[in-house]
Structures are given as C-alpha cells and as structure tokens.
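For the sequence shown, our numbering begins at 196 and goes up steadily by one.
Take a look at the structure set out below.
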Amino acid sequence: MTQADREGTRWRTWADRYANLGHLAVLVATLISAVSLTVSSIAAILDRKRVLGLLRLMGMPALTVRCVIVAEAALPLATVFALCVGLGILSAWCIVAGLTEGERTITWLPPSYYLILATSLALAATAVIATFRTARTSTTIEAIRIG
C-alpha cells in the first residue's frame, strides 16, 4: 500500500464509524419521536372524545375517524420528515465540501441509509396506527354515555 492508500483507508474507517454512530442516533431519535407522537395523538383523541363520539353517533363511519387521525398526525409528520431528510443531505454536503475545500463531495447514499429511513417511517406509521384502538374504544356509545 502506498501512503495515499493508507490515508484513504484511514479516512474511510473514520467515516464508517461516524456513519454507524449517526445511524444509531437516528434510530434512537425516531423511537423517542414515535412514542411522543403516539402519546400526543392519544391525548388529542381523549381530549376530543365527546366530539368524536357524537359524530360517530350521528353516523360517521369509523374509517372517517381514522382518516381524521391520519390527517392530523401523519401528514404533518411526513412533511417534516421529507424536509429533514432533504436538509440533512444538504447540510452533509456543505460540511463535507467545506471541510475538504471542495476536494470531496457526497455521492449516492449507502443502502443502510435507506434502511434507516424505512425503519423510521415504519415506526412513525406504527405510532399512528397505535392510536386507532383508542379512537375506536373512546367513541363507542357506552364511552359517550359515561363521559
């Protein structure tokens, strides 16, 4: 190996370490965010239990209540998620290009990055779906009479 090859290998090793640390940080942040999203969605449903229950009593299908929950939780989440991914890639490019004075740039992201994104989206979808049971049990006739 030449000196340049050794130097390149050393930089790739450090980059791989930081990438793995970044993947772990994204997963932890996503898990915390998914739990927070679930709790806030359930709190919103319980706060509007009477209103949603009266709508159900007037004939609103349960599917429509689920669509309202998805619109309130998932659409803003998807918008913010897309913006964060885009800004993350842009900031990574700026940092890498700036620190190396334009000698290095980022290329297509490795498959592990897309796997982390898919896992994050699955956790967010699970958080929204977890609130459906609360919506179903909180909007029954019995729940409205007690409340």
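Beta carbons: idealized from backbone N, C-alpha and C, even for Gly.
- The DSSP-derived three-state label of I301 is coil.
- Each residue's CA atom was taken as its position, placing A330 and L272 some 19 angstroms apart.
- If you compare the alpha carbons of T334, I336, I339 and V323 with that of S235, the shortest gap goes to V323.
- Around the beta-carbon of T300, fewer than 16 other beta-carbon atoms lie within 10 Å, marking it exposed.
- For E267, the uninterrupted alpha helix (DSSP H) segment begins and ends at A257 to L294.
- Your pair T302 and L222 does not check out as a contact, with CB atoms roughly 23 angstroms apart and the cut at 8 angstroms.
- Straight-line measurement puts the Cα of A238 at about 14 angstroms from the Cα of A229.
- Going by beta carbons, H218 and Y308 fall inside the 9 angstroms limit.
- According to the DSSP assignment, A313 belongs to the alpha helix (DSSP H) that extends over P306 to I324.
- With distances taken between CA atoms, T334 lies nearest to L241 out of P306, L241 and A266.
- With a threshold of 16 other beta carbon atoms within 10 Å, G248 meets it and is buried.
- V280 is positioned such that its CB atom lies closer than 9 angstroms to that of L312.
- Each residue's CA atom was taken as its position, placing K244 and A319 some 23 angstroms apart.
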